[in-house]
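All letters in the sequence shown, in the order written, are residues 978 to 1266 by the numbering used here.
For each residue, glycine too, the CB sits at the ideal point set by N, CA and C.
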Amino acid sequence: MRVWAPLGDRVIRDELLYGSCAPIATPGNELAWLDATGFLKVGPVSAGADPGPAQTTSGGMMKDFTTQAMGNPMAGNPFATRADAQQAVVDLTAPLLEAFSPGCARVTLGATGAHFHAAAADLEGLVRPFWGLAPLLAGGGRFYGIEKFVDGLNNGADPAHPEYWGPVTDRDQRMVESAAIGYALALAPDVFWDGLSPRGRDCLRDWLLNSLHQTPAPNNWNFFHVLVSLGLRRVGIDHDLKIIEGNLDRLEGWDMGNGWYRDGSSQQADHYIPFAMHFYGLIYPQYAP
């Protein structure tokens, strides 16, 4: 990704590249800036705008800022080999180790625009990396610091712990994150299940079983139950498979033919189809009974 800034509108100070809060471009027309914690933030003209995030035409000479200068941990990775892909997961995840809560059940990445509860946002910070860590570990890779993520599962699912995530409810963001946990259990149970304490296993089991009885949004969310089920089956936890059959029936009902799906009962077929429907659909036959 490249971020462009017109030099004629505002002096771009060197500090921007080293943690300054100064924005790129003029106030109200920010393309991107670094917040006080050093995270790259994008401004109001960066999404759905013309010319959009690539450049601005508001006059002046154009200057190129790359994500390497912004501190992209994967910068320079050629992504040419399996080892490159494994290294990318490690490099992308390692910075999170500084953002863990004392009990490791929450990973806070600063202020967000999320509309859901902070506990759910911090749970997202903890388990979204599982989409990379689980296949990394299942494929023989290593991540130094994985014990923090396992400790997070131990404590976050425990109602008696001060960092408890809270239960999954109907159409709840926690249901989204339950899918990443189910996926991790399915791919790398030796790490994400066997590494838990006995109480941690009991609490995570109950937390996931409860999630299966909550109503998902009527779209690709039905796959979240499916992925939780795959994880539970992998670690030997019995549960009501009729729930999963219902989820799969609804998903198949949105088949448009030729490999395309609607994301629910509407005609919507956007990025969630390849990102969610196709991706989850490939995981299911690999680990289904």
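For the 8 Å CB-CB criterion, aspartate 1240 and asparagine 1197 form a contact.
In this structure, DSSP gives glycine 1159 a helical state, which the three-state scheme calls helix. Judged by DSSP in its simplified three-state form, valine 1212 adopts coil rather than helix or strand. In this structure the stretch 1097–1106 does not touch the stretch 1166–1174; the number of beta carbon pairs closer than 8 Å is below three.
For aspartate 1128, the uninterrupted alpha helix (DSSP H) segment begins and ends at 1123–1133.
Apart from the 5 residues on each side of it in sequence, tyrosine 1257 sits with its Cβ closer than 6 Å to the Cβ of Phe1200 in its chain, given in chain order. Where aspartate 1232 is concerned, the enclosing beta strand (DSSP E) starts and stops at 1232–1234.
Of all alpha-carbon atoms in Leu1074, Asp1068, Met1254, Ala1057, the one lying nearest the alpha-carbon of glutamate 1124 is that of Leu1074. For aspartate 1135, the number of other beta carbons within 10 angstroms of its own is at least 16, and it is reported as buried. Distances from the CA of glycine 1159 to each of Leu1207, Asn1224, Met1152 were compared; the closest alpha carbon is that of Leu1207.
In the DSSP assignment, cysteine 1180 falls within the unbroken alpha helix (DSSP H) covering 1175–1189. In this chain, the alpha helix (DSSP H) harbouring glutamate 1101 covers 1095–1104. A direct Cα-to-Cα measurement between tryptophan 1231 and tyrosine 1238 gives close to 5 Å. A residue is called buried once 16 or more other Cβ atoms fall within 10 Å of its Cβ, and glycine 1053, having fewer, is exposed. Taken through DSSP and simplified to helix, strand or coil, phenylalanine 1252 comes out as helix.
The C-alpha of alanine 1156 lies about 15 Å from the C-alpha of isoleucine 1220.
DSSP places tyrosine 1257 within a helical segment (H, G or I) once states are collapsed to three. Valine 1203 carries a helical assignment under DSSP once its states are collapsed to helix, strand and coil. By the neighbour-count criterion, in which 16 or more other beta carbons inside 10 Å mark a residue as buried, arginine 1083 falls on the buried side. Within its own chain, the residues whose Cβ lies closer than 7 Å to the Cβ of aspartate 1128, once the five positions on either side in sequence are excluded, are Cys1081, listed in chain order. Judged by DSSP in its simplified three-state form, tyrosine 1141 adopts coil rather than helix or strand.
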